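Q: Have a look at this one.
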Amino acid sequence: MDLGVRWKLHGDGRTPAPGAVVRPDERLSWPRTAGLGAQHVVAMFGASFVAPVLMGLDPNLAIMMSGVATVIFLLATRGQVPSYLGCSLSFVGVAAVIRAQGGTSATVTGAVFVVGVALFLVGLAVQRFGARIIHAAMPPIVTGAVVMLIGFNLAPVTASTYWPQDQWTALLVMLFTGLAVVCLRGFWSRVAIFLGLLFGYGISWLLDRVFGKIHSVDASGHATDHWRLDLSGVGQADWLGLPAFHGPSFQWSAILVALPVVIALVAENAGHVKAVGEMTGRTLDDKLGTAISADGVGSMLSTALGGPPNTTYSENIGVMAATRVYSTAAYWAAAGFALLFGICPKFGAVVAAIPGGVLGGITVILYGMIGLLGAQIWIRSDVDLRNPLNLVPAAAGIIIGIGNVTLKFTDTFSLSGIALGTLVVITGYHVLRALAPAHLKTEEPLLDAGTSSYDVDDADDGGDVDAGNSGKSGDSGEPGGAERRTR
1110 MDLGVRWKLH GDGRTPAPGA VVRPDERLSW PRTAGLGAQH VVAMFGASFV APVLMGLDPN
1170 LAIMMSGVAT VIFLLATRGQ VPSYLGCSLS FVGVAAVIRA QGGTSATVTG AVFVVGVALF
1230 LVGLAVQRFG ARIIHAAMPP IVTGAVVMLI GFNLAPVTAS TYWPQDQWTA LLVMLFTGLA
1290 VVCLRGFWSR VAIFLGLLFG YGISWLLDRV FGKIHSVDAS GHATDHWRLD LSGVGQADWL
1350 GLPAFHGPSF QWSAILVALP VVIALVAENA GHVKAVGEMT GRTLDDKLGT AISADGVGSM
1410 LSTALGGPPN TTYSENIGVM AATRVYSTAA YWAAAGFALL FGICPKFGAV VAAIPGGVLG
1470 GITVILYGMI GLLGAQIWIR SDVDLRNPLN LVPAAAGIII GIGNVTLKFT DTFSLSGIAL
1530 GTLVVITGYH VLRALAPAHL KTEEPLLDAG TSSYDVDDAD DGGDVDAGNS GKSGDSGEPG
1590 GAERRTR
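Count along the sequence shown from 1, add 1109, and you get the number used in our numbering.
Listed below in structure tokens is the structure:
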């Protein structure tokens, strides 16, 4: 059985040719692959460390279980979908509501465990009936909008949490990282995000030595005099130590609060698989159900031990977009690092000490890349935004997602941000389609025989192409989903 754990060496394993991509079944040399894996860990670490803290759960356990969930995901998808599963931010609000109702950590993880079960069942349904049921509900206009609002929904995190902690460091890191991505060559350009973080550490340390403490908001949101780079927690942390485990507790009131989030998770997974397919130039629709089920299994295992739920991480899509290295070997390396970091509180303290200003500079670029992948889906699918049937639901959902608009139903239940934006895009599109005049319904039927097709430069290349030269079929006038090339 092919588990996707064998990789061909890409070129000489050192420097890919200009414009080339490292495909999922390829790898660079192991030292370089390990470096890329470390970059993926750093990219996901901020949110994966912060989210469990906000949920009142053990962040070290979150990091460890993210590594376990990633391994499960890579094995389930046979190494064809390069993805990292980190702690889902979609549940932060849910955890706050459950705790406000008197729930404990066990109550939170119990409710989220049930969401993991629901996600697993949705994945099985997609495997049974095909990816077309997802594409029927979320055609390109919808998936592009969902990917876009997921990415741009993260913008307030940068603007209100990271950037204000040290705006000048954030600006310098943003400029350095942008220059590194564009101007460096070979391997160094592919680890530009990691280099940006190292630069941020260095510039923060230098500014502390030259100017002393900075007066700004810290990670807790309070304005204080503090060091930009505070490594005091590193000395206090142990080298080895297991995270805290606990079992789940199930309460119907908490479960009903958490269940709607499954909408966002399905949308995140569908958007993620779609975005990865765009980037790698592969048709991954047949892996969509497997990806959703694997995400559900990973979340079930994590919450059963007292950890937070996991989801495919958009932050790591940004890393792939910047490096153009899609090797799943790098994700195996990242999972291995995460497992080690989970039992090493001292290293976790080092990564947790990344200055907020540094994260501000990095995330400006990463989160923007994520959002713009949604626009790429529209472009590749020839989505016509002049058509109000496409324009209206996408516009409304994106603004709701970006602005984190909230729709309150009761004192204990509301939908906001990604979940509400996704729901508005999906339901808005289909309701408007049902009511729209015939001349607006000019696109491909929703329940067509195919799903997505990708441009292939070489018919004998097995379908692997540079994502930058790929295109989707979408000509509704061609029977049988015949491909047409777009350039």
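Backbone N, C-alpha and C define an ideal beta-carbon position, used for all residues, glycine too.
Small disclaimer: the values here were computed from a predicted structure and weren't measured.
1) Give the range of the beta strand (DSSP E) segment to which ILE1323 is assigned.
2) I'd like to check one pair, ILE1250 with VAL1501: are the Cβ atoms closer than 8 Å?
3) If we ignore side chains and look at the alpha-carbon of each, how far apart do ALA1504 and GLY1144 end up?
4) My guess is that PRO1357 and THR1420 are in contact by the Cβ rule of under 8 Å, so how many angstroms apart are they, rounded?
5) Cα-Cα, which of TYR1440, TRP1277 and PHE1456 is closest to ALA1346?
6) Going by alpha carbons, who is nearest to VAL1206 out of ASP1520, PHE1308 and ILE1372?
7) For LYS1517, is the classification buried or exposed, using 16 other Cβ atoms within 10 angstroms of its Cβ as the cut-off for buried?
8) For PRO1273 versus VAL1203, is the C-beta spacing smaller than 8 Å?
9) Is it true that the CB of MET1388 sits closer than 8 Å to the CB of ALA1430?
10) What are the partner residues of GLY1195, as DSSP defines its beta bridges?
11) Quick check on VAL1114: buried or exposed, where buried means 16 or more other Cβ atoms within 10 Å of its Cβ?
12) Who are ARG1136's beta bridge partners in DSSP?
13) Closer than 8 Å is the cut-off here; do at least three beta carbon pairs connect the region 1372-1383 with the region 1251-1268?
14) Give the single residue among GLY1342, LEU1374 and GLY1386 whose Cα lies nearest to the Cα of GLY1195.
15) Rounded to whole angstroms, what is the Cα-Cα separation between LEU1410 and GLY1120?
16) Under 8 Å, do GLY1470 and THR1213 count as touching if we go by C-beta distance?
17) Which residues mark the beginning and the end of the beta strand (DSSP E) in which HIS1335 is found?
18) Determine, using beta carbons only, whether MET1257 and ALA1545 come nearer to each other than 8 Å.
19) Return the chain-ordered ranges of every alpha helix (DSSP H) run that is complete within the region 1500-1548 and spans a minimum of 4 residues.
20) Please classify VAL1190: does DSSP put it in a helix, a strand, or coil?
21) Can you give me the C-alpha to C-alpha distance between HIS1244 and THR1536, rounded to a whole angstrom?
22) Helix or strand or just coil, what does DSSP make of VAL1492?
23) Helix, strand or coil: how does DSSP classify VAL1177 here?
24) For SER1175, is the classification buried or exposed, using 16 other Cβ atoms within 10 angstroms of its Cβ as the cut-off for buried?
25) Please list, in chain order, all residues of the same chain as LEU1414 whose beta carbon is under 6 Å from its beta carbon, the five residues on each side excluded.
26) Going along the chain, which residues of its own chain have a beta-carbon closer than 7 Å to the beta-carbon of ARG1542, five neighbours each way excluded?
27) Fully enclosed by the region 1342-1406, which alpha helix (DSSP H) runs are 4 residues long or longer?
28) Helix, strand or coil: which one does DSSP assign to VAL1130?
29) Would you grab the beta carbon distance between ALA1152 and ILE1302 for me? Rounded to a whole angstrom, and I think it's under 8 Å.
30) Any heavy atom of the ligand ATP closer than 7 Å to the CB of HIS1548?
31) I need the straight-line Cα distance from MET1112 to PHE1222, nearest angstrom please.
32) Please classify ASP1570: does DSSP put it in a helix, a strand, or coil?
33) Excluding the 5 residues preceding and the 5 following TRP1314 in the sequence, name in chain order all residues of the same chain whose CB lies nearer than 7 Å to its CB.
34) Taking the alpha helix (DSSP H) that TRP1314 belongs to, which residues open and close that run?
35) The alpha helix (DSSP H) spanning ASP1214 covers which residue range?
36) Label HIS1149 either buried or exposed according to how many other C-beta atoms from any shown protein chain fall within 10 Å of its C-beta, with 16 as the threshold for buried.
A: Put simply:
1) ILE1323 -> beta strand (DSSP E) spans 1323-1326.
2) Going by C-beta atoms, VAL1501 is not nearer than 8 Å to ILE1250.
3) Computed Cα separation, rounded: 39 Å.
4) The pair is not a contact, with the Cβ atoms about 18 Å apart (cut-off 8 Å).
5) Among TYR1440, TRP1277 and PHE1456, the Cα nearest to that of ALA1346 is on PHE1456.
6) VAL1206 has its Cα closest to that of ASP1520, out of ASP1520, PHE1308 and ILE1372.
7) Label assigned to LYS1517: exposed.
8) No. Outside cutoff.
9) At the C-beta level, ALA1430 and MET1388 come within 8 Å of one another.
10) THR1420.
11) Residue burial is scored here from C-beta neighbours: VAL1114 has fewer than 16 other C-beta atoms within 10 angstroms and is therefore classed as exposed.
12) DSSP output for ARG1136 lists LEU1118 as bridge partner(s).
13) Yes, they touch.
14) Relative to GLY1195, the option among GLY1342, LEU1374 and GLY1386 whose CA is nearest is LEU1374.
15) Cα to Cα, the separation comes out at about 38 Å.
16) No, the Cβ-Cβ distance between GLY1470 and THR1213 is not below 8 Å.
17) For HIS1335, the enclosing beta strand (DSSP E) begins and ends at 1332-1335.
18) Remark: C-beta atoms of MET1257 and ALA1545 do not approach each other more closely than 8 Å.
19) Entirely contained in the region 1500-1548, the alpha helix (DSSP H) runs reaching 4 residues are, in chain order, 1526-1544.
20) The answer is coil: DSSP assigns VAL1190 none of H, G, I, E or B.
21) Each residue's alpha carbon lies about 14 Å from the other.
22) Of the three classes helix, strand and coil, the one that applies to VAL1492 here is coil, per DSSP.
23) VAL1177: helix per DSSP, three-state reduction.
24) With 16 or more other Cβ atoms within 10 Å, it is buried.
25) Only PHE1354 meet the Cβ criterion.
26) LEU1498 and LYS1550, listed in sequence order.
27) Unbroken alpha helix (DSSP H) runs of no fewer than 4 residues, entirely contained in the region 1342-1406, are found at 1361-1367 and 1370-1389, following chain order.
28) Here VAL1130 sits in coil by DSSP.
29) Confirmed, Cβ separation roughly 6 Å.
30) For the structure depicted, the ligand ATP is absent and the ligand set is empty, with no information on it obtainable.
31) Checking the displayed sequence, the identity of residue 1112 turns out to be Leu instead of Met. Distance between the alpha carbons of LEU1112 and PHE1222: 27 Å.
32) Residue confidence for ASP1570 is low, a pLDDT of 43 falling below 50, so the modelled location carries little weight and cannot support an answer.
33) Shown here for TRP1314: same chain residues with a beta carbon closer than 7 Å to its own, the five before and five after excluded, namely LEU1338 in chain order.
34) Taken as a continuous stretch (DSSP letters only), the alpha helix (DSSP H) holding TRP1314 covers 1301-1320.
35) Per the sequence presented here, residue 1214 reads as Ser, with Asp not at that position. In the DSSP annotation of this structure, the continuous segment of the alpha helix (DSSP H) that includes SER1214 starts and ends at 1214-1238.
36) Buried is the call here.
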